[in-house]
Amino acid sequence: TFDICERNMIKLSYRFSHHGQVDLLSRLNSPYLVELLGYCADQDHRLLIFEFMPNGSLQQHLHSPHIYPQPLDWGTRLRIALDCARALEFLHEHVTPSIIHRDFKCSNILLDHRFRAKVSDFGLAKTGSDKINGQISTRVLGTTGYLAPEYVSTGKLTTKSDVYSYGVVLLQLITGRVPVDTRRPSGEHVLVSWVSNN
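Numbering of the sequence shown is given in the UniProt record's numbering, commencing with residue 1 and proceeding in unit increments.
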C-alpha cells in the first residue's frame with residue numbers, strides 16, 4: 001500500500017532547511033495551497049512530504065508543449081486564475097499575521113487531477129508587516145519578470161507585491177507568453193511592458 005500512496009499521494013522536496021518554514025506550512029490549511037503532509041530532519045538533510053499534484057505546474061502547461069501538448073481551454077484557465085486569487089486572499093486576509101508569498105509565479109502553481117490550482121513553494125515567504133503602513137523592509141528576492149517595480153526600487157514588501165505577480169500570471173494565462181523573453185524584438189522583451197504599450 002505504501003507504493004500506491006507514494007505514487008499517488010506525495011511529492012518529496014529537499015529545498016527547505018529551516019524549522020520556521022515547516023512550522024509556517026503546518027499551520028496553513030487551505031484548499032488553494034499544496035498541503036504539507038510530513039517532515040523529516042536528519043543532521044543536515046531535510047525532507048518535506050507534500051501532496052502529489054499529478055498535472056504538474058502551470059508553467060509546464062503554458063510553456064512546455066513537449067510535456068503537455070494539449071493547451072488549457074479558457075474555462076480551465078479561468079478556474080486556475082480564480083483558485084490563485086483565493087490562495088492569495090487566504091494568505092493576505094485570513095492568516096494572522098498575513099503572509100506574503102514573494103515568489104508567486106507559474107512554476108509555483110501546481111494542478112491537481114481536476115486541474116484545480118494550488119500554490120506551492122513558500123521558501124521566500126515573509127510573515128507579518130509594519131502595522132502602520134503594511135510594509136516589510138527586506139532584501140529584494142524573487143523571480144525577474146514577476147517582481148513589483150516598487151518592491152525592486154525600494155525593498156519595501158507588501159501584499160501588493162504578490163498582487164502584481166498575480167497580474168503577471170494572468171497575462172501569461174491570456175497571452176501564453178513568458179514574463180521575460182529576450183528572443184523577441186526590442187520593446188517586446190518584458191511581457192508587462194509589451195501589454196501596457198499595446
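Quick reminder that beta carbons are idealized off the backbone N, C-alpha and C, glycines included.
Straight-line Cα distance separating residue j from residue i
i, j, result
"R27", "C84", "19 Å"
"residue 203", "V140", "It is not possible to answer for residue 203, since the shown part of the chain is limited to 1 through 198."
"D162", "V34", "17 Å"
"H66", "V95", "39 Å"
"G38", "P185", "47 Å"
"residue 216", "Q172", "As displayed, the chain neither begins before 1 nor continues past 198, which places residue 216 out of reach and without an answer."
"S196", "D44", "47 Å"
"N108", "L47", "18 Å"
"D42", "G187", "50 Å"
"Q70", "E93", "35 Å"
"W74", "K156", "35 Å"
"K160", "H189", "24 Å"
"H63", "E89", "26 Å"
"W194", "V168", "12 Å"
"F122", "Y146", "15 Å"
"H113", "Y164", "28 Å"
Nearest neighbour of residue i, chosen from the options [CA to CA]
i, options, result
"V192", "P97, R177 and R183", "R177"
"L25", "T175, S120 and P149", "S120"
"C40", "S30, Y68, D73 and V22", "V22"
"residue 201", "F115, K126, L72 and A87", "A query on residue 201 cannot be resolved here, the shown segment of the chain reaching from 1 to 198 and no further."
"R86", "F115, H63, S30 and R114", "S30"
"F115", "L72, Y146 and F122", "L72"
C-beta contact flag for residue i and residue j at 8 Å
i, j, result
"V180", "T144", "yes"
"F104", "Y32", "no"
"residue 201", "L58", "Because the chain spans 1 through 198 in this model, residue 201 falls outside it and cannot be assessed."
"I99", "L91", "yes"
"L111", "N55", "yes"
"F52", "L36", "no"
Where residue i falls, given that 16 or more other Cβ within 10 Å makes a residue buried
i, result
"R77", "buried"
"T175", "exposed"
"T158", "buried"
"C106", "buried"
"R183", "exposed"
"N198", "exposed"
"I132", "Only weak support exists for where I132 lies, its pLDDT of 44 falling under 50; the coordinates are left without a value."
"L82", "exposed"
Rounded Cβ spacing between residue i and residue j (contact assumed at less than 8 Å)
i, j, result
"G142", "R102", "6 Å"
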